[in-house]
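Remarks on the structure that follows.
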Ligand code: SF4
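Residue numbers (the working numbering): 4 to 470.
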């Protein structure tokens with residue numbers, strides 16, 4: 004309508020890559036449905052908070068953000084924390100509505116419906132005020148699982164905007180594993196794989212638009228199985244995507260150790276387009292704690308898997324997740340975690356203090372490791388990891404790595420490029436290599452490939468020279 008401005012949206016995303024992927028889909032849908040993108044949160048009429056709920060700390064951050072936003076903006080809550088609130092209300096668990104004064108609340112499996120529903124409910128009048136038809140109760144009745152609606156997924160995935168050589172594709176939603184500490188199966192639901200054809204065709208479209216690197220996402224990508232053909236498992240999918248013209252590299256997140264089979268290991272080892280940078284959450288090093296966590300493997304299984312992968316892919320780089328202070332974790336149990344970090348040799352780890360999550364099995368356990376003890380253990384985990392990574396890097400001194408130049412110039416942080424360091428490259432195993440600036444490299448450009456000699460290590464960074 005002439006004279007009526009469009010509503011401006013701002014999406015703030017918390018948590019994991021899955022949420023960032025979902026936020027991209029929500030934004031595409033809203034722009035298509037007549038909304039404008041606000042330059043900042045302050046400029047927005049409608050703020051969408053795509054939230055995380057994996058730890059207690061994440062919940063607190065979101066509640067504080069909602070508190071700050073109270074006022075004239077419409078607040079739309081989605082993601083895992085939104086589902087937690089819905090579940091609590093459905094189960095009669097008291098939720099202080101005054102703490103969560105949001106206008107709309109969508110679960111993660113309702114995100115594809117957000118644009119249409121908001122477009123139908125929000126209008127802007129001539130004064131620039133938003134008329135909200137309101138639908139909180141109405142929406143409850145229409146709630147549905149978007150991940151069972153393949154036409155809707157197809158429409159979103161095929162039209163997803165790409166503005167770089169990199170794109171993410173969610174291949175599976177939800178999780179069936181019910182690790183005892185984890186809220187994900189409750190807030191994201193049971194596993195639903197997205198049909199192979201949709202993923203394959205999306206990847207092809209991305210490649211046609213210039214995408215060269217894909218990141219496949221899911222809570223447990225290894226258990227992917229196309230709903231229309233159970234021969235199309237994760238290995239089949241990975242291999243098929245590597246055959247698409249233009250696709251140069253495929254990464255994936257997250258793998259569950261118990262589902263990482265030999266077929267997948269062989270494929271990763273034999274296919275240069277598949278990243279050898281593997282995220283493999285272990286969570287703890289003691290069999291007793293692993294069992295209480297319901298992880299489905301013991302320490303030896305995990306270390307055997309790492310060993311098998313290393314034998315087949317000597318260049319592989321591993322990262323992991325660790326939880327410290329799980330209920331009943333003794334000092335002895337914790338020392339097993341420290342020794343596992345040594346034995347596995349991770350390039351990187353994400354460490355967390357355990358916090359009880361509603362609806363989970365461990366919520367019923369006594370949270371008996373004190374906060375001080377958790378903090379101390381977490382500090383020890385990071386200290387240990389620093390040493391392990393430093394020795395991995397030192398073992399690379401004098402080696403030659405294939406590198407692709409990722410950045411040229413001074414970068415955002417001039418300290419990164421001190422001493423005339425100019426190029427940032429990515430090695431075969433995705434490790435970052437800083438290339439010393441020399442006149443002879445002045446013609447290097449982003450995307451160029453070369454071989455780098457690793458000449459020195461400083462502050463846990465590899466520095467090298469292109470030969
Ligand atoms: S595998 Fe375990 S930790 Fe990972 S999402 Fe599923 S339940 Fe949570």
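Virtual Cβ for every residue (Gly too), placed ideally from N, Cα, C.
If the criterion is Cβ atoms closer than 8 Å, does the pair residue 266 and residue 243 meet it?
Your numbering for residue 266 matches position 263 in the chain shown. Your numbering for residue 243 matches position 240 in the chain shown. Result no, Cβ atoms of residue 266 and residue 243 do not sit closer than 8 Å.
Going by DSSP, what residue range makes up the alpha helix (DSSP H) through residue 159?
Locating residue 159 in the chain shown gives position 156, counting from the first residue. First-last of the alpha helix (DSSP H) with residue 159: 153-162.
In the DSSP assignment, what are the bridge partners of residue 282?
Within the chain shown, numbered from 1, the residue matching residue 282 stands at position 279. Partner(s): 322.
Based on Cα-Cα distance, which residue from 44, 45, 38, 54 lies nearest to residue 26?
Along the chain shown, read from residue 1 onward, the residue named residue 26 stands at position 23. Ranking the options by Cα distance to residue 26, first place goes to 54.
Counting only runs of 3+ residues fully inside the stretch 54-106, write out the beta strand (DSSP E) ranges in chain order.
As far as the stretch 54-106 is concerned, its whole beta strand (DSSP E) runs of at least 3 residues are 77-82.
Hey, residue 212 and residue 165: beta-carbon distance below 8 Å or not?
As a working note, residue 212 is residue 209 in the chain shown. As a working note, residue 165 is residue 162 in the chain shown. Yes, they are a contact pair.
If we count Cβ pairs, one from each stretch, closer than 8 Å, do we get three or more for the stretch 348-359 versus the stretch 313-329?
Yes, they touch.
Considering only residues of the same chain and omitting the five flanking positions on each side of residue 296, which have a CB-CB separation below 8 Å?
Along the chain shown, read from residue 1 onward, the residue named residue 296 stands at position 293. Excluding sequence neighbours, residue 296 sits near 182, 183, 184, 286, 287, 326, 329, 365.
With distance defined between alpha-carbon atoms, name the residue in 192, 189, 172 nearest to residue 202.
On the chain shown, residue 202 is found 199 positions in, with the first residue counted as 1. When only C-alpha atoms are compared, the closest one is 172.
Output the distance between the C-alpha atoms of residue 439 and residue 468, rounded to the nearest integer angstrom.
Start at 1 with the first residue of the chain shown, and residue 439 comes out as number 436. Start at 1 with the first residue of the chain shown, and residue 468 comes out as number 465. Cα to Cα, the separation comes out at about 6 Å.
If we ignore side chains and look at the alpha-carbon of each, how far apart do residue 331 and residue 158 end up?
Counted from its first residue, the chain shown places residue 331 at position 328. Counted from its first residue, the chain shown places residue 158 at position 155. Distance between the alpha carbons of residue 331 and residue 158 is about 48 Å.
Run the proximity test for residue 259: is its beta-carbon closer than 7 Å to any non-hydrogen atom belonging to ligand 1?
As a first step, residue 259 is located in the chain shown; it is residue number 256 there, counting from the start. Yes, ligand 1 has a heavy atom inside 7 Å of this Cβ.
Are there three or more Cβ pairs, one per stretch, closer than 8 Å when the stretch 189-202 is compared with the stretch 370-382?
Result no; under three Cβ-Cβ pairs closer than 8 Å.
For the pair the stretch 219-239 and the stretch 256-274, tell me if three or more CB-CB distances fall below 8 Å.
Because the criterion of three Cβ pairs below 8 Å is met, the stretch 219-239 and the stretch 256-274 touch.
Looking at residue 241 and residue 268, is the spacing between their C-beta atoms short of 8 Å?
Locating residue 268 in the chain shown gives position 265, where the first residue counts as 1. Locating residue 241 in the chain shown gives position 238, where the first residue counts as 1. No, the Cβ-Cβ distance between residue 268 and residue 241 is not below 8 Å.
I believe residue 163 touches residue 31 by the beta-carbon criterion, under 8 Å. Please report the beta-carbon distance rounded to the nearest angstrom.
Here residue 163 corresponds to residue number 160 of the chain shown, with the count starting at 1. Here residue 31 corresponds to residue number 28 of the chain shown, with the count starting at 1. With a Cβ gap of about 6 Å, residue 163 and residue 31 count as contacting.
Let me check you understand the geometry: is the CB of residue 187 closer than 7 Å to at least one non-hydrogen atom of ligand 1?
Residue mapping note: residue 187 aligns to position 184 of the chain shown, counting from 1. True, at least one ligand heavy atom lies under 7 Å from that Cβ.
Is the stretch 73-88 close to the stretch 44-61, with three or more CB pairs under 8 Å?
Yes: the two stretches touch, three or more of their Cβ pairs being nearer than 8 Å.
For ligand 1, I want to know if residue 181 counts as a neighbour, meaning its beta carbon is within less than 7 Å of at least one of the ligand's heavy atoms.
Taking the chain shown and counting its residues from 1, the one referred to as residue 181 is at position 178. Answer for residue 181: yes, Cβ within range of ligand 1.
Drop a sphere of 10 angstroms on the beta-carbon of residue 380, count the other beta-carbons inside from all chains shown, and report buried for 16 or more, exposed for fewer.
Stepping through the chain shown from its first residue, residue 380 is reached at position 377. With 16 or more other Cβ atoms within 10 Å, it is buried.
For residue 75, which option in 254, 47, 52, 97 has the closest C-alpha, if you only look at C-alpha atoms?
For the purposes of this step, residue 75 is identified with residue 72 of the chain shown, where counting begins at 1. It is 47.
Spatial neighbours of residue 16 within its chain, please: CB distance less than 7 Å, with the 5 preceding and 5 following residues excluded, ordered by chain position.
Position 13 of the chain shown, counted from the first residue, corresponds to residue 16. 22, 23, 26, 53, listed in sequence order.
Is residue 178 close to ligand 1? I mean its beta-carbon at under 7 Å from any heavy atom of the ligand.
By 1-based counting over the chain shown, the position of residue 178 is 175. Flag set: Cβ of residue 178 near ligand 1.
So, helix, strand or coil for residue 236, using DSSP?
As a first step, residue 236 must be located in the chain shown, where it is residue number 233. In this structure, residue 236 counts as strand in the three-state DSSP scheme.
Classify residue 87: buried if its beta carbon has 16 or more other beta carbons within 10 angstroms, exposed otherwise.
As a first step, residue 87 must be located in the chain shown, where it is residue number 84. Its Cβ being crowded by 16 or more others within 10 Å, residue 87 is buried.
Using a Cβ-based criterion (distance less than 7 Å to any ligand heavy atom), does residue 223 qualify as near ligand 1?
Along the chain shown, one-based indexing puts residue 223 at 220. Correct: residue 223 has its Cβ closer than 7 Å to ligand 1.
When burial is assigned at 16 or more other CB atoms within 10 Å of the CB, is residue 280 buried or exposed?
Translated into the one-based positions of the chain shown, residue 280 becomes position 277. Answer is buried; the Cβ neighbour count reaches 16.
Flag this pair as touching only if the stretch 383-390 and the stretch 338-345 have three or more C-beta atom pairs under 8 Å; answer yes or no.
These segments touch.
Taking DSSP as the reference, what is the three-state secondary structure of residue 452?
Here residue 452 refers to the residue found at position 449 when the chain shown is read from its first residue. It is a strand residue.
Assuming residue 177 contacts residue 210 (C-beta within less than 8 Å), just tell me the rounded distance between them.
Residue mapping note: residue 177 aligns to position 174 of the chain shown, counting from 1. Residue mapping note: residue 210 aligns to position 207 of the chain shown, counting from 1. About 27 Å separates the two Cβ atoms, so there is no contact after all.
Count the other C-beta atoms from every protein chain shown that fall within 10 angstroms of the C-beta of residue 282, then say buried if there are 16 or more, exposed otherwise.
Along the chain shown, one-based indexing puts residue 282 at 279. Residue 282 is buried by the Cβ-count criterion.
What whole-angstrom Cβ distance do residue 400 and residue 455 have, given they're in contact under 8 Å?
As a first step, residue 400 must be located in the chain shown, where it is residue number 397. As a first step, residue 455 must be located in the chain shown, where it is residue number 452. Rounded, the Cβ-Cβ distance is 12 Å, inconsistent with contact.
To the nearest angstrom, report how far apart residue 392 and residue 310 are at their CA atoms.
As a working mapping, residue 392 is identified with position 389 in the chain shown. As a working mapping, residue 310 is identified with position 307 in the chain shown. Between residue 392 and residue 310, the C-alpha separation is close to 17 Å.
When you compare each of 319, 360, 73 to residue 190 by their alpha carbons, which one comes out closest?
As a first step, residue 190 must be located in the chain shown, where it is residue number 187. Checking every option, the nearest Cα to that of residue 190 belongs to 360.
Rounded C-beta distance between residue 472 and residue 78? I'm assuming under 8 Å.
The chain is shown from 4 up to 470; residue 472 falls before or after that span and cannot be answered.
Would you kindly report the start and end of the unbroken alpha helix (DSSP H) that includes residue 206?
For the purposes of this step, residue 206 is identified with residue 203 of the chain shown, where counting begins at 1. 199-211 is the span of the alpha helix (DSSP H), which, as asked, contains residue 206.
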